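Working notes for the structure below.
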Amino acid sequence: MSVVELRSELRGAVRADPQPRPRPQLRSAGARGPRRGWHRWVSPLAVVLLWQLASALGLLPARLLAAPSQIAVTALDLVRSGTLPTAIAVSLERVLLGFAAGAVAGVGLALVAGLSRPGENAVDPLMQMLRALPFFGLIPLFILWFGIGETPKVLLVALAVSFPLYLNTFAGIRGVDGKLAEVARTLRLGRTALVRHIVLPGALPQTLVGLRQSLGVAWLALIVAEQVNADAGLGYMINDAREFLRTDVIVVGLLVYSALGLLTDALVRLLERRALVWRREFLSR
Amino acid sequence: MAARVPVPVSVPVDVPVDVPVGAHAPGAVQPAEAALATVRGLTRRFGDRTVLDGLDLTISRGEFVALLGRSGSGKSTLLRALAGLDEEAEGGLEVDGSVAVAFQEPRLVPWKRVRDNLTLGLAAPDPTGRADAALAEVGLADRARAWPLTLSGGEAQRASLARALVRDPGLLLLDEPFSALDALTRITVHRLVLDLWAAHGPAVLLVTHDVDEALLLADRILVLDGGRVAHEWTVTAPRPRHRDHPDLLTLRAALLSALGVTPEGPA
Numbered sequence: 001m002s003v004v005e006l007r008s009e010l011r012g013a014v015r016a017d018p019q020p021r022p023r024p025q026l027r028s029a030g031a032r033g034p035r036r037g038w039h040r041w042v043s044p045l046a047v048v049l050l051w052q053l054a055s056a057l058g059l060l061p062a063r064l065l066a067a068p069s070q071i072a073v074t075a076l077d078l079v080r081s082g083t084l085p086t087a088i089a090v091s092l093e094r095v096l097l098g099f100a101a102g103a104v105a106g107v108g109l110a111l112v113a114g115l116s117r118p119g120e121n122a123v124d125p126l127m128q129m130l131r132a133l134p135f136f137g138l139i140p141l142f143i144l145w146f147g148i149g150e151t152p153k154v155l156l157v158a159l160a161v162s163f164p165l166y167l168n169t170f171a172g173i174r175g176v177d178g179k180l181a182e183v184a185r186t187l188r189l190g191r192t193a194l195v196r197h198i199v200l201p202g203a204l205p206q207t208l209v210g211l212r213q214s215l216g217v218a219w220l221a222l223i224v225a226e227q228v229n230a231d232a233g234l235g236y237m238i239n240d241a242r243e244f245l246r247t248d249v250i251v252v253g254l255l256v257y258s259a260l261g262l263l264t265d266a267l268v269r270l271l272e273r274r275a276l277v278w279r280r281e282f283l284s285r
Numbered sequence: 001m002a003a004r005v006p007v008p009v010s011v012p013v014d015v016p017v018d019v020p021v022g023a024h025a026p027g028a029v030q031p032a033e034a035a036l037a038t039v040r041g042l043t044r045r046f047g048d049r050t051v052l053d054g055l056d057l058t059i060s061r062g063e064f065v066a067l068l069g070r071s072g073s074g075k076s077t078l079l080r081a082l083a084g085l086d087e088e089a090e091g092g093l094e095v096d097g098s099v100a101v102a103f104q105e106p107r108l109v110p111w112k113r114v115r116d117n118l119t120l121g122l123a124a125p126d127p128t129g130r131a132d133a134a135l136a137e138v139g140l141a142d143r144a145r146a147w148p149l150t151l152s153g154g155e156a157q158r159a160s161l162a163r164a165l166v167r168d169p170g171l172l173l174l175d176e177p178f179s180a181l182d183a184l185t186r187i188t189v190h191r192l193v194l195d196l197w198a199a200h201g202p203a204v205l206l207v208t209h210d211v212d213e214a215l216l217l218a219d220r221i222l223v224l225d226g227g228r229v230a231h232e233w234t235v236t237a238p239r240p241r242h243r244d245h246p247d248l249l250t251l252r253a254a255l256l257s258a259l260g261v262t263p264e265g266p267a
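If you read the protein sequences in the order shown, they are chains F and P. Mapping to UniProt numbering: the first sequence position 268 is 268, numbers consecutive. Mapping to UniProt numbering: the second sequence position 183 is 183, numbers consecutive.
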């Protein structure tokens with residue numbers, strides 16, 4: 001969760017609600033609330049202006065941090081020369097591959113563990129132990145096992161993605177209301193129908209929480225992985241720029257990382273809004 | 001279709017051992033031809049607490065039975081056993097027909113629209129048409145595509161009744177379904193239940209803690225105590241009933257004293 005969202009959630013919690021809502025914790029941040037006006041742009045713009053001023057006056061040398069105007073020019077150049085689009089494509093491919101593999105593994109294992117006791121006994125202890133490992137600490141091992149090509153980078157992303165999805169999906173399945181399971185029995189639903197109509201849709205909200213967490217951590221894992229011996233991608237571009245003290249290129253790379261992170265987060269929110277429409281109408285009542 | 005709830009073969013002490021569980025003990029009153037549900041020697045223990053202790057009960061086809069009892073007397077335990085939700089109840093339990101349940105909270109599946117809640121698990125031709133007909137019957141025709149969380153308490157309870165009735169049950173189990181409704185809504189839902197019962201003719205077992213509700217609705221009122229049916233009254237007053245009917249007033253006093261409540265003076 002980004003700082004901005006966290007803040008808006010805190011504000012939402014403090015703001016007096018005119019009518020009591022039955023389950024306020026169900027609100028998703030940013031889904032509602034009055035539109036923020038122009039005054040929220042004042043302080044960020046002021047910081048950029050001060051930054052530009054400091055650079056122009058020589059208080060902030062370019063080898064420490066380039067001026068905003070210089071960064072904008074560099075960004076345009078990098079786009080025109082094709083360097084930035086290529087780097088983004090390479091990084092995006094790593095994230096997508098890693099995310100897909102991690103999501104399949106995380107959700108798959110959660111289904112195995114969530115839907116049967118033997119499955120839980122087999123899978124859950126292992127996952128709980130593995131999750132205690134600091135996965136960035138695995139990089140040396142990954143390099144020894146998989147070399148320095150694409151494989152360790154993609155696998156690190158996959159590993160990082162699988163845990164939030166596993167934990168949230170498993171908790172979601174186990175958190176499905178037992179009373180609804182009883183209803184399913186009185187409606188003579190078989191096991192397959194029970195899983196399809198009650199368990200999986202019931203676990204979906206928590207799975208989507210896991211999805212958002214895992215996408216956040218996917219970008220983080222990519223950034224770390226790309227610092228290691230990359231010969232293409234955003235991380236490579238940033239590392240390469242460091243060699244030449246090109247702080248403008250570094251900042252462009254960072255901005256692209258955050259833009260991509262925000263973009264995937266927005267995609268998940270769109271997905272949430274569509275998948276949890278039964279809840280949204282209730283909340284906006 | 002005879003729905004036989006599988007029960008562990010364990011014979012309560014007061015039933016001769018040579019009698020198969022679920023059959024009628026020799027000498028016991030043979031149920032009338034119209035018997036729909038037969039419970040023999042039903043026992044349920046929670047730890048060392050015995051909630052149902054060799055309970056016998058017969059429900060006839062189309063009969064409206066109300067089950068009263070102090071809290072903890074095992075009313076809901078009996079209902080859950082009849083609904084097939086309790087695998088640890090011991091004794092004989094036979095229902096000749098399908099069973100449907102409306103719970104205290106409506107328990108609609110929140111991610112299914114109202115109509116889809118009705119068609120869930122419904123094995124019948126044209127489920128959608130049947131669901132819409134049932135919704136029209138409970139006055140929810142225009143809410144078929146609503147999400148359950150947007151329904152009012154009364155609407156949700158009516159949808160829950162429709163979900164039970166659309167299955168054409170032989171036995172309709174109602175587990176205090178009116179207790180969470182406000183007084184006005186309760187009156188309209190009472191009428192609705194009587195109308196639906198008259199139209200479809202299922203046997204009804206209504207678990208309630210409300211003496212007046214039992215008096216207004218039921219053909220027969222049972223009071224559960226000590227894990228068995230301790231008292232039983234037949235209510236013959238014609239419907240629609242008014243609570244001031246002299247028979248009902250007499251019965252009310254008897255019921256309250258059976259439930260251990262000192263009745264107030266005459267109104």
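For each residue, glycine too, the CB sits at the ideal point set by N, CA and C. All of these numbers come straight from a predicted model, not from anything done at the bench.
Chain-ordered neighbours of residue i on chain F, where CB pairs are closer than 7 Å
i        : result
P/Pro110 : Trp278
P/Arg158 : Neighbours of P/Arg158 on chain F: none; closest Cβ ~16 Å, over 7 Å.
P/Ala83  : Thr186
Element boundaries [alpha helix (DSSP H), containing residue i]
i                      : result
P/Asp212               : 211-217
F/Gly202               : 200-226
P/Gly74                : Per DSSP, P/Gly74 belongs to no alpha helix (DSSP H) and is neither H nor E.
F/Leu84                : 83-115
F/Phe170               : 150-174
P/Glu105               : Where P/Glu105 is concerned, there is no enclosing alpha helix (DSSP H), given that its DSSP letter is neither H nor E.
residue 268 of chain P : In this structure chain P extends from 1 to 267, so residue 268 of chain P is not present and cannot be described.
F/Asn229               : Per DSSP, F/Asn229 belongs to no alpha helix (DSSP H) and is neither H nor E.
F/Val195               : Premise fails: F/Val195 is in no alpha helix (DSSP H) and is neither H nor E.
P/Gly153               : 153-165
F/Trp51                : 42-56
F/Phe146               : 139-146
DSSP beta-bridge partners of residue i
i        : result
P/Val204 : P/Phe64, P/Leu172
P/Ala35  : P/Ser60
P/Asp225 : P/Arg228
P/Thr50  : P/Arg45
P/Arg220 : P/Val65, P/Thr234
P/Arg252 : Paired residues: none, contrary to the question.
P/Leu55  : P/Leu42
Contact list for residue i against chain P, beta-carbon separation under 9 Å
i        : result
F/Val209 : The premise fails here: F/Val209 is roughly 16 Å from chain P at the closest Cβ pair, so nothing lies under 9 Å.
F/Lys179 : Phe103, Glu105, Arg107
F/Glu182 : Arg80, Ala83, Leu85, Val101, Phe103, Arg107
Contact list for residue i against chain F, beta-carbon separation under 9 Å
i       : result
P/Val95 : By Cβ distance, chain F contributes nothing, its closest Cβ being about 13 Å from P/Val95, past 9 Å.
Segment limits, beta strand (DSSP E) that includes residue i
i        : result
P/Trp233 : 228-234
P/Leu135 : No beta strand (DSSP E) contains P/Leu135, which is instead part of the alpha helix (DSSP H) from 127-137.
P/Val99  : 99-102
P/Val95  : 90-96
Partner residues on chain P for residue i, Cβ-Cβ distance less than 8 Å
i        : result
F/Ala171 : The contacting residues do not exist; F/Ala171 stays about 18 Å from chain P at best.
F/Ala234 : According to the sequence displayed, residue 234 of chain F carries Leu and not Ala. By Cβ distance, chain P contributes nothing, its closest Cβ being about 39 Å from F/Leu234, past 8 Å.
F/Leu189 : Leu120, Gly121
F/Ile198 : Val109
Heavy atom of the ligand ZN within 7 Å of residue i beta-carbon
i        : result
P/Ala162 : As for the ligand ZN, it is missing from this structure, which has no ligand bound.
Chain-ordered neighbours of residue i on chain P, where CB pairs are closer than 7 Å
i        : result
F/Ala193 : Gly121
F/Pro201 : Trp111
For the stretch 207-215 of chain F against the stretch 263-270 of chain F, do three or more pairs of beta-carbon atoms, one drawn from each stretch, fall closer than 8 Å, so that the two count as touching?
Touching, yes, given that three or more Cβ pairs across the two stretches are closer than 8 Å.
Count the CB pairs spanning the stretch 195-209 of chain P and the stretch 147-158 of chain P that are closer than 8 Å, and state whether there are at least three.
no
Under 8 Å, with one C-beta from each stretch per pair, do the stretch 227-242 of chain F and the stretch 38-54 of chain F reach the 3-pair mark?
Segments in contact, no.
Quick check: the stretch 136-146 of chain F against the stretch 62-82 of chain F, are at least 3 beta-carbon pairs closer than 8 Å?
no
On the three-pair Cβ rule with 8 Å, is the stretch 162-170 of chain F touching the stretch 78-91 of chain P?
no
Do three or more CB pairs link the stretch 55-69 of chain P to the stretch 204-223 of chain P at distances below 8 Å?
yes
Is the number of C-beta pairs between the stretch 125-137 of chain P and the stretch 163-182 of chain P that are closer than 8 Å three or more?
yes
Spell out a yes or no on whether the stretch 82-97 of chain F and the stretch 212-223 of chain F are touching, meaning 3 or more CB-CB pairs, one atom from each, closer than 8 Å.
The answer is yes - the stretch 212-223 of chain F touches the stretch 82-97 of chain F, with three or more Cβ pairs under 8 Å.
Touch check for the stretch 45-52 of chain P and the stretch 149-156 of chain F: three-plus C-beta pairs under 8 Å?
Output reads no: the stretch 149-156 of chain F does not touch the stretch 45-52 of chain P.
Touch test, the stretch 171-178 of chain P against the stretch 74-84 of chain P, Cβ-Cβ under 8 Å, three pairs minimum:
yes
Three or more C-beta pairs below 8 Å linking the stretch 172-180 of chain F and the stretch 94-111 of chain P:
yes
When you compare the stretch 139-146 of chain P with the stretch 111-118 of chain P, are there three or more beta-carbon pairs, one atom per stretch, that lie closer than 8 Å?
yes
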